[in-house]
């Protein structure tokens, strides 16, 4: 039996060597619908970092990105084959679509690729030529500061020609070989010094050549009705011009020559690579638009396939309706990072939401779920819910206020800064969505309630606010502007919580009974219950005195 298995393995390996496409296809099938490995998290942001200051673009801010654990979501999302696709996917997740049509087109592209396996795999076979991580440098090269050409490129070219002439004279005219050996030594020094400075740029120019060729390969798939493929086909003349400008780098990038080490010898003998780089980089400004467009279209295809694969993990999803007012409606929404999530629904039409409940009941997870679905709907064109209607606006969060030893900022000061930015943003208009977890929780109860009431009243006039709190005193004070909902524990069931959002104000106090279920000493539980009853009686007496 073992010999039979070994024979079959040898047969499969031989077939894979003869038909490499068969092995690739098997790998694509195996990886489809699987979560990403998160191996490109550092490289993924390079493109976004270069273009984030573009005019009219609205991005998911850094605090919100971290609060909602989007680095983890992106890591599961990112099954792109190329670093270019990873970088474009990262930018898509960080950039709100300007219009409802833009996000709808993005979803339509991934939905089409999800349903058409043959076309998807044809595209992936072309993309495999760009799978190496070194191609991530293209983003910095094309969208970053323009690289300056070497100062003495003409002298470099003349010296290269002189090297050819001396070698020819040594062979044809029997010149003393020491003259040529001397020039060879000088060439080695020049090549070493120049390549040390331009090595990364030279490698990136070669990556640009490969990217242009992949663009040409994808353009041959035109006629499918996919917009990126049609655009690549239409832009073929610009890519031909760009390849012409990089023709010497293209020649040195030929696989057959590289395998024989010929570019290295040509550089040593005649300074071929430094000269090719010097003249290619001199034409770089003219071909930059063609490179940028090819980068974005290739990345868009790779990102769309990764999105399609991601949605295979989440069969329950929908394309949201984008409203022209402050309407937020999510039906059976769930959190993508929870293995067995409890779905919840929400509908707010021009009104904010105040959520109460004890720790661990599900308040923070719920507002994260809503925020994540808002961002996914506004950037990628889908929500993890059965139905959704979203406002055409941005989301900002204040969910974790970390103390920074380096900056010297306390929890309170960091939160004050975040809320101040909310107020500034709200006063600019656009009715943004603000998500706040336990506002001013680091301050004393009296001041916390007063501050929270003043801030939340102001924000609700300009924005849609989702806020969690333990301060039940805020419920009657804010009910004019805020819908009231709550989560509650049930000490009688295993796990204490059902994680269901319930309408109305929170009226139950079960936290002490939960401690009893967790085997806290009876004396402590009894004392806590007694103190709680005394406090409630004191509150009732004070309310009676105020009414009188």
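Numbering (my numbering), first residue to last: 96 to 643.
We put the CB at the ideal spot given by N, CA and C, even for glycine.
What you are looking at is a predicted structure, and each value in this text was computed from that prediction instead of being measured.
- Measuring C-alpha to C-alpha distances from residue 448 to each of 545, 563, 491 and 511 identifies 563 as the nearest.
- Under the DSSP assignment, residue 530 falls in the beta strand (DSSP E) whose first and last residues are 528 to 532.
- Note: residue 592 is bridge-paired with 584 in the DSSP secondary-structure output.
- By the criterion of a C-beta distance shorter than 6 Å, residue 467 is surrounded in its chain by 163, once the five residues flanking it on both sides are discounted.
- By the 16-neighbour rule on beta-carbons within 10 angstroms, residue 360 is exposed.
- In the three-state reduction of the DSSP assignment, residue 441 falls in the strand class, which pools E and B.
- Distance from the CA of residue 483 to the CA of residue 458, rounded to the nearest whole angstrom, comes to 20 Å.
- In this structure, residue 425 places its C-beta atom within 8 Å of the C-beta atom of residue 441.
- The continuous beta strand (DSSP E) containing residue 491 extends over residues 490 to 493.
- For the 8 Å CB-CB criterion, residue 445 and residue 473 do not form a contact.
- The Cβ atoms of residue 131 and residue 394 lie no closer than 8 Å to each other.
- Excluding five sequence positions before and after residue 415, the CB atoms of its chain that fall closer than 6 Å to its own CB belong to 472, 478, 483 and 485, given in chain order.
- From the listed residues 343, 390, 383 and 367, the smallest Cα separation to residue 375 is found for 343.
- The region 230 to 238 makes contact with the region 142 to 153; the number of CB pairs closer than 8 Å reaches 3 or more.
- The Cβ neighbour count for residue 168, taken over all protein chains shown within 10 Å, is at least 16; the residue is labelled buried.
- In terms of Cβ geometry, residue 366 and residue 251 form a close pair [threshold 8 Å].
- Measuring C-alpha to C-alpha distances from residue 192 to each of 307, 177 and 476 identifies 476 as the nearest.
- Taking the C-beta atoms as reference points, residue 314 is found nearer than 8 Å to residue 331.
- In the three-state reduction of the DSSP assignment, residue 140 falls in the coil class, being assigned neither a helical nor a strand state.
- Sixteen is the threshold: since fewer than 16 other Cβ atoms of the shown chains lie within 10 Å of the Cβ of residue 541, the residue is exposed.
- Between residue 373 and residue 245, the CB-CB gap stays under 8 Å.
- About 35 Å separates the CB atoms of residue 403 and residue 592; that is not less than 8 Å, and the two are not in contact.
- Sequence-distant partners of residue 171 (beyond 5 residues in either direction) whose C-beta falls short of 6 Å from its own C-beta, in its chain, are 130 and 131.
- If one requires a minimum length of 4 residues, the alpha helix (DSSP H) runs lying completely within the region 264 to 349 are 272 to 314, 322 to 329, 331 to 340 and 342 to 347, in chain order.
- A check of alpha carbon separations from residue 572 across 558, 596 and 545 identifies 545 as the nearest.
- Setting aside the 5 residues that flank it on each side, residue 578 is surrounded in the same chain by 446 and 448, each with a C-beta closer than 6 Å to its C-beta; the list follows chain order.
- A distance of 8 Å or more separates the beta carbons of residue 307 and residue 317.
- The Cβ neighbour count for residue 397, taken over all protein chains shown within 10 Å, is at least 16; the residue is labelled buried.
- Apart from sequence neighbours up to five positions away, the residues of its chain that approach residue 186 with a beta-carbon distance below 6 Å are 142 and 143, ordered along the chain.
- Annotated three-state conformation of residue 453 is coil, per DSSP.
- Judged by DSSP secondary structure, residue 416 falls within the beta strand (DSSP E) whose first and last residues are 416 to 418.
- Closest in alpha carbon position to residue 435, among 173, 469 and 409, is 409.
- In this structure, residue 493 and residue 521 do not form a Cβ contact; the two beta carbons are roughly 13 Å apart against a cut-off of 8 Å.
- By the beta-carbon neighbour count (other beta carbons within 10 angstroms, threshold 16), residue 614 is exposed.
- Here residue 242 is near residue 296, since their CB atoms are less than 8 Å apart.
- As DSSP reads the structure, residue 483 sits in a beta bridge with 425.
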